[in-house]
Amino acid sequence: MDWQLAASKKKSSLEAAIPPEWRIKPPTYDSVMSFPRQSGILTEEELQITESSATQLVGDLAAGKLSSVAVTTAFCKRAALAHQVTNCFHEFFPDMALARAQYLDDYMAEHKKPIGPLHGLPISLKDQVRIKGLETTMGYATWIGKKNTEDSVLTTLLLNAGAVLYVKTSVPQALMVGETINNVFGRTTNPRNKNLSCGGSSGGEGAILALRGSVLGVGTDIGGSIRIPAAFNLLYGLRPSHGRIPYANMANSMEGQETIHSVCGPLAHSVADMRLFVTSVLSQEPWLHDSKVIPMPWRQSEEDTIKIKIGSGGLTLGYYFCDGNVLPHPPILRAIQTVTTKLSEAGHTVLPWGPYEHPSAIDLFMSIIGADGGTVIQNIADLTPATHSKLSINDLWDLHLRKWNYQCAYLSKIREFEKRIGRELDAIIAPVAPHAAIRHNQFKYYGYTTIVNLLDFTSVVVPVTVADRGVDVRNEVKSLSEVDAVVQGEYDPDVYHGAPVAVQIIGRRLTEERVMAIAEEVGRLLG
Numbered sequence: 021m022d023w024q025l026a027a028s029k030k031k032s033s034l035e036a037a038i039p040p041e042w043r044i045k046p047p048t049y050d051s052v053m054s055f056p057r058q059s060g061i062l063t064e065e066e067l068q069i070t071e072s073s074a075t076q077l078v079g080d081l082a083a084g085k086l087s088s089v090a091v092t093t094a095f096c097k098r099a100a101l102a103h104q105v106t107n108c109f110h111e112f113f114p115d116m117a118l119a120r121a122q123y124l125d126d127y128m129a130e131h132k133k134p135i136g137p138l139h140g141l142p143i144s145l146k147d148q149v150r151i152k153g154l155e156t157t158m159g160y161a162t163w164i165g166k167k168n169t170e171d172s173v174l175t176t177l178l179l180n181a182g183a184v185l186y187v188k189t190s191v192p193q194a195l196m197v198g199e200t201i202n203n204v205f206g207r208t209t210n211p212r213n214k215n216l217s218c219g220g221s222s223g224g225e226g227a228i229l230a231l232r233g234s235v236l237g238v239g240t241d242i243g244g245s246i247r248i249p250a251a252f253n254l255l256y257g258l259r260p261s262h263g264r265i266p267y268a269n270m271a272n273s274m275e276g277q278e279t280i281h282s283v284c285g286p287l288a289h290s291v292a293d294m295r296l297f298v299t300s301v302l303s304q305e306p307w308l309h310d311s312k313v314i315p316m317p318w319r320q321s322e323e324d325t326i327k328i329k330i331g332s333g334g335l336t337l338g339y340y341f342c343d344g345n346v347l348p349h350p351p352i353l354r355a356i357q358t359v360t361t362k363l364s365e366a367g368h369t370v371l372p373w374g375p376y377e378h379p380s381a382i383d384l385f386m387s388i389i390g391a392d393g394g395t396v397i398q399n400i401a402d403l404t405p406a407t408h409s410k411l412s413i414n415d416l417w418d419l420h421l422r423k424w425n426y427q428c429a430y431l432s433k434i435r436e437f438e439k440r441i442g443r444e445l446d447a448i449i450a451p452v453a454p455h456a457a458i459r460h461n462q463f464k465y466y467g468y469t470t471i472v473n474l475l476d477f478t479s480v481v482v483p484v485t486v487a488d489r490g491v492d493v494r495n496e497v498k499s500l501s502e503v504d505a506v507v508q509g510e511y512d513p514d515v516y517h518g519a520p521v522a523v524q525i526i527g528r529r530l531t532e533e534r535v536m537a538i539a540e541e542v543g544r545l546l547g
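With our numbering, the residue at position 178 of the sequence shown is 198, and numbering never jumps.
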């Protein structure tokens with residue numbers, strides 16, 4: 021069977037998984053954000069369920085106010101609508117999900133208590149996450165028909181916590197791209213504007229969450245793949261440091277690449293919902309299941325430290341508008357200014373931070389990712405220049421050393437900054453990308469996210485605003501680099517009007533509790 025036929029059959033089987041009564045004629049207009057409510061498919065109760073927070077839902081499920089079957093049905097229906105207008109599915113299994121939901125309801129009826137902190141809550145998964153008995157194609161036609169023989173560790177822990185799994189969402193072929201398109205399923209679009217990207221590589225998660233076909237999703241991030249879809253869809257997203265959330269038995273395109281680690285993390289509509297995910301996973305001691313996970317439980321004292329600072333207007337935050345390589349578009353600059361102004365008005369100390377050798381660090385990241393010369397992923401040229409040749413083991417070791425030296429040097433710069441200002445630097449506010457949600461095929465620069473991966477820092481995306489052609493006018497500026505000239509030339513205020521804009525809050529390595537608390541405060545100040 022040739023790959024085109026295999027892909028066609030796979031896509032047809034996916035569409036057949038949607039019950040006939042949930043099928044619709046997709047609208048032709050650009051924004052489909054209001055479509056789930058207008059479709060007539062969802063009842064008022066189902067609309068209310070799907071527009072609730074994950075935190076509220078688990079509370080109602082634990083109290084017996086809602087059944088898991090009702091909640092799962094609502095999200096399966098809304099997810100089906102989301103897919104039909106954005107193409108965000110790779111796997112959809114409502115029958116399996118509803119059987120699981122019934123099991124959880126029966127458990128609740130018998131034992132009078134929830135099975136775990138996520139009891140009855142539907143959670144969407146990026147296609148990389150393996151579920152036993154289902155496929156993980158990741159957009160590769162050659163992977164069609166290959167059933168997973170076991171779960172990812174994260175799958176097991178989510179099920180142990182009581183979650184209901186019902187969908188695996190779309191990714192770009194081979195990952196490592198800030199858009200979502202592959203040869204099996206095609207392109208996933210942004211529900212706010214089908215002419216814009218939903219981000220990548222966790223783009224299906226971005227689209228399904230934006231339309232509330234999911235309330236809590238799991239993505240992965242090796243170069244921005246949680247943060248970019250979060251930013252492009254006005255969501256929160258956590259890129260934890262390596263070793264905090266289990267990654268064992270996830271599918272990947274560059275398995276064995278250990279210099280820059282891919283990590284798992286949540287995407288959600290609030291920090292509270294991301295915190296629910298993290299605490300539910302960490303409470304099960306994932307280091308007993310995945311040898312790369314650090315034995316570090318949830319540290320409430322770290323969050324409390326930040327909350328005390330917040331209460332006294334005592335946060336100290338750095339910020340930067342530009343990394344010295346590519347100047348962000350006007351909507352991004354406005355978002356940084358908006359956030360820093362809000363924080364200053366709340367009494368917090370906000371100071372300019374000078375990015376330390378970011379251009380050369382981005383080159384280092386690209387050299388590491390392209391060290392195999394493209395042997396594993398033939399189309400990685402979209403992210404890594406084709407001029408990178410396969411490195412010798414000694415050359416690779418040199419890259420390892422350069423990465424370590426850079427990480428240490430960055431920490432040194434932070435300590436020097438703290439000594440100069442006489443206080444601890446709590447986090448840094450930075451762009452996620454040099455642009456708002458981008459036009460298809462125009463994502464050219466990943467430096468604002470990849471620097472975090474190179475440092476293995478913790479980062480949380482906070483949604484801020486949307487581009488406004490009346491405010492974010494085009495300015496003629498001198499190019500900082502060749503790629504900057506391309507990025508600046510791409511900006512059109514009319515095209516990007518209404519496109520989502522976000523910032524990221526960056527903390528040192530393994531500061532998830534602290535950075536989430538800061539992000540929550542930023543979100544509160546933004547309203």
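Built from N, CA and C at the ideal position, the CB exists for glycine as well.
Checking the DSSP bridge columns, you'll see Cys284 partnered with Thr240.
In this structure Leu308 is exposed. Its beta-carbon is surrounded by fewer than 16 other beta-carbon atoms within 10 angstroms. In this structure, the beta-carbon distance from Asn107 to Phe252 does not fall below 9 Å. DSSP lists Val370 and Ala447 as the bridge partner or partners of Leu337.
Contact between Pro348 and His455 is confirmed by a C-beta separation of about 7 Å, below the 8 Å threshold. As computed with DSSP, Asn202 is found in a beta bridge with Gly206. According to DSSP, Lys146 shares a beta bridge with Thr189.
Classified as exposed, Arg435 has fewer than 16 neighbouring CB atoms from the shown chains inside 10 Å of its CB. C-alpha of Arg212 to C-alpha of Gly285: approximately 23 Å in a straight line.
Sixteen is the threshold: when 16 or more other Cβ atoms of the shown chains lie within 10 Å of the Cβ of Ser261, as they do, the residue is buried.
Scanning Pro137, Ser33 and Ser387 for the CA closest to the CA of Asp418 turns up Ser387.
No residue range can be given for Val493, since it is assigned to no beta strand (DSSP E) and is classified by DSSP as neither H nor E. A distance below 9 Å separates the beta carbons of Asp310 and Val173.
The beta-carbon separation of Ser300 and Ala181, rounded to 5 Å, stays under the 8 Å limit for a contact. Leu216 sits away from Thr208, with the two beta carbons spaced by 9 Å or more. Boundaries for Ile38: no alpha helix (DSSP H) harbours it, and the DSSP string shows neither H nor E there. The three-state reading of DSSP puts Arg212 in coil, since its state is none of H, G, I, E or B. One alpha carbon belongs to Arg529, the other to Tyr127, and they sit about 40 Å apart. Between the beta-carbon of Asn345 and that of Pro379 there is about 4 Å, and that keeps the pair under the 8 Å contact cut. In the three-state DSSP reduction, Arg459 falls in the strand class (E or B). Residue environment analysis places Val491 among the exposed positions, since fewer than 16 neighbouring C-beta atoms fall within 10 angstroms of its C-beta. As the crow flies, the alpha-carbon of Gly165 is around 50 Å from that of Leu445. For Arg259, the uninterrupted beta strand (DSSP E) run begins and ends at Tyr256 to Arg259, by DSSP.
In the structure shown, Gln357 adopts helical secondary structure according to DSSP, grouped into three states. In this structure, DSSP gives Gln427 a helical state, which the three-state scheme calls helix. Of the candidates Val452, Glu502, Gly237 and Val493, Val452 places its Cα closest to the Cα of Val482.
When rounded, the separation of the alpha-carbon atoms in Ser190 and Gly224 is 4 Å.
Bridge pairing for Gln524: Ala450 and Val481 [DSSP].
Beta-bridge pairing by DSSP links Val301 to no other residue. The Cβ neighbour count for Tyr468, taken over all protein chains shown within 10 Å, is at least 16; the residue is labelled buried.
Contact between the region 51 to 58 and the region 24 to 31 is not established, with fewer than three Cβ pairs separated by less than 8 Å. Excluding sequence positions up to five before and after Leu138, its CB lies within less than 7 Å of the CB of Val78, Leu178, Ala181, Gly182, Ala183 and Ser300, all in the same chain and listed in chain order. DSSP places Phe109 within a strand segment (E or B) once states are collapsed to three. The Cβ atoms of Ile69 and Glu41 lie no closer than 9 Å to each other. Exclusion of the five residues before and after Ser222 leaves Lys146, Gly239, Ser245, Ile246 and Pro249 as the residues of its chain whose Cβ lies within less than 6 Å of its Cβ. In this structure, the alpha-carbon of Leu411 lies about 49 Å from that of Pro47.
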